[in-house]
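Here the structure is laid out as structure tokens; the discussion comes afterwards.
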Amino acid sequence: RVMYIVVGGLAASVSRGALHPPWLPAHKSSSGSPVMAHPAANETLLLTAYLEDPAQPLWIIKRSNLGGRGLFATRPIKKGTQIFKNKPLVVAPRADRAGDTYCCVCYQVVVTYSACERCSQITCSEECNTSLEHKTECEFIINNWKPKPDCDNFRKVLAQMQIYLRFLLLSEEQKLMLSLLQNSDIDAKFEELEELCAKYVIPDEQISFMHFIHSIIKINSFRIANNPQERKIALRGLYPLSAFLNHSCVPNTRNVFHSDYTMAVYATKDIEAGEEILTCYTGLLLCTPARRCQLYKTKHFWCKCKRCKDNTEIGTKLSALKCFDKECVGILLPTSPLDPRAEWCCDNCANKVPCDKISMIQGILGSLQDLANFIPYSNHIFIDLRLRLALKIGFTEGLKLNELSESRLALKESLCRGTLRTVAALGVGDAHLRGLLLYHLHAALAERARRSPDLYEEIKSEIESTIEQAYNILQGDISAPPDLELRRRYLGPGCDKPQEERFFILDA
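Number 690 in the working numbering belongs to position 453 of the sequence shown; there are no gaps in the numbering.
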């Protein structure tokens, strides 16, 4: 009683009776189930309309062994190559972050603001209030959504629904793009829409459409990286071609978001002709149980990639727990990683532990003392703590690089190197996380050389190589460190300035 939609990126299933808006063509399968259709001849035309450079694509869409369809390389792709860059169909704040007060046009989080007298949306300036974007949304709201008597707190509801409002405003041609994307009959309880309907009278066809869009967003949208120097609300975007990227816990691409909200996809390692182009929908450093659970909750499928099948996670042992026998030095690993009910077994004494006990232990790991008692240093919780600490030290008030003690500076360097080893072991190539860690390792090394000029020649090559690699990975990304290019110019391999001038930027 389950069917699979033949269009879209993810291998999610769709039950009978899935929402089917009247503006999407449909036909019946031999079993009588509705199947979404689209004009195949126009598919490439629709997709390439959102590409920055549609000529001679490095990809082709075809059926994937992972389910549904995916993108495949048409020829060998070298590491670092931009595979494609696509424009968003829709960009809007994430509904779960709409409790913050923000401008509906420029997305700046604001303290002082004015609410539109006509539609009640918030803007931060006269420029935003009189913009075409706001005028269009304002007209739609006042002409279609009628406030109910005693309506209050409607601004928050409007903020939560802004992404759905933007889909409603798409042209008929743009809505055709949605017929290419996979959706599923998920999240029967759509709380944001229920809240909106409690405040406004909404036409039935719009309610049906928003339910459909809810499933499209859940399956196909991407969280957009934030610029660290801007106080903007967290955003989500629907990128037509990127939506065809299937998932792997060992991806071969990384995503770069630009200030104009375009999304570029780069190869993190060499990709062979005919190989599927893959992304990662979850955190690279999460352990297998955590990744699979998150993917099931958010994307509605259980991952079965090669990393998920390997109980050592390619030798990183991110899932490991210490053996419950205090005299044993071994670690517990799942006997069958794809089966959440499987026993865990010690790799030293062969002691077996039932899954319910493992789940209980994982649920109580809340303090450092608990961590030390139950998990080895390879566990993903320790790795995540190390990563967070590595990124905080030197870049937090009271802990700036020039304020660090020698021991804390050495700790930052050690944390960066250790986490880089884990990322390398996973085989994810030049992932965004690798670029960020290389930048922070460079920052620690450069600070050491600034303090001890005699040390510079000894570590010069690593200072230069780390910032060069970080730049090659992070350049152009909206979330890249603000001084990335400046550091490369003064401390990278191409700088011909004398040593004392190179470190001037660190004193600024």
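All residues carry an ideal CB built from backbone N, CA and C; glycine is no exception.
- The Cβ atoms of E513 and S357 do not sit closer than 8 Å to each other.
- If you draw a straight line from the Cα of L433 to the Cα of H677, it is about 44 Å long.
- Per DSSP, reduced to three states, the secondary structure at P330 is strand.
- Counted as a single uninterrupted DSSP element, the stretch harbouring M414 is not any alpha helix (DSSP H), since DSSP gives it neither H nor E.
- For P526, the uninterrupted alpha helix (DSSP H) segment begins and ends at T525 to K536.
- Per DSSP, Q736 is not a residue of any beta strand (DSSP E); the alpha helix (DSSP H) it occupies stretches across Q736 to R739.
- Here K324 carries a coil assignment [DSSP, helix/strand/coil].
- Around the beta-carbon of R355, fewer than 16 other beta-carbon atoms lie within 10 Å, marking it exposed.
- Excluding sequence positions up to five before and after Y518, its CB lies within less than 7 Å of the CB of H484, L532 and K536, all in the same chain and listed in chain order.
- The shortest C-alpha to C-alpha distance from S362 to any of Y503, Y339 and N709 is the one to Y339.
- For the set K563, P577, R645 and I568, the Cα lying nearest the Cα of K546 is the one of P577.
- F377 is not a Cβ neighbour of P384, given a cutoff of 8 Å.
- Non-local beta-carbon contacts of N548 in its own chain, meaning distances under 6 Å to residues more than five positions away in sequence, involve L570, P571 and P574 in chain order.
- According to the DSSP secondary-structure assignment, E513 is paired through a beta bridge with F309.
- Rounded to whole angstroms, the gap between the alpha carbons of D720 and D714 is 13 Å.
- The three-state secondary structure of A504, taken from DSSP, is strand.
- Runs of the beta strand (DSSP E) spanning 3 or more residues and lying entirely within the stretch 555-618 occur at 568-571 and 581-583, in chain order.
- In the three-state DSSP reduction, Y437 falls in the strand class (E or B).
- Comparing alpha-carbon positions, the option among A557, Q599, Q706 and M597 lying closest to C582 turns out to be A557.
- In this chain, the beta strand (DSSP E) harbouring G474 covers L472 to L475.
- Assignment of I298 by DSSP, reduced to helix, strand and coil, places it in the strand class.
- Around the CB of R544, 16 or more other CB atoms lie within 10 Å, so the residue is classed as buried.
- Looking only at Q399, K412 and S702, the smallest Cα-Cα distance to L674 is reached by S702.
- The shortest C-alpha to C-alpha distance from N464 to any of Q712, R725, Y727 and R739 is the one to Q712.
- The shortest CA-to-CA distance from D507 to any of K322, V665 and C732 is the one to V665.
- Rounded to whole angstroms, the gap between the alpha carbons of M597 and I568 is 17 Å.
- Bounds of the alpha helix (DSSP H) holding I400 are Q399 to L405.
- With fewer than 16 other CB atoms across the displayed protein chains lying within 10 angstroms of its CB, E467 is exposed.
- Under the 10 Å beta carbon count, G631 is surrounded by 16 or more other beta carbons and is classified as buried.
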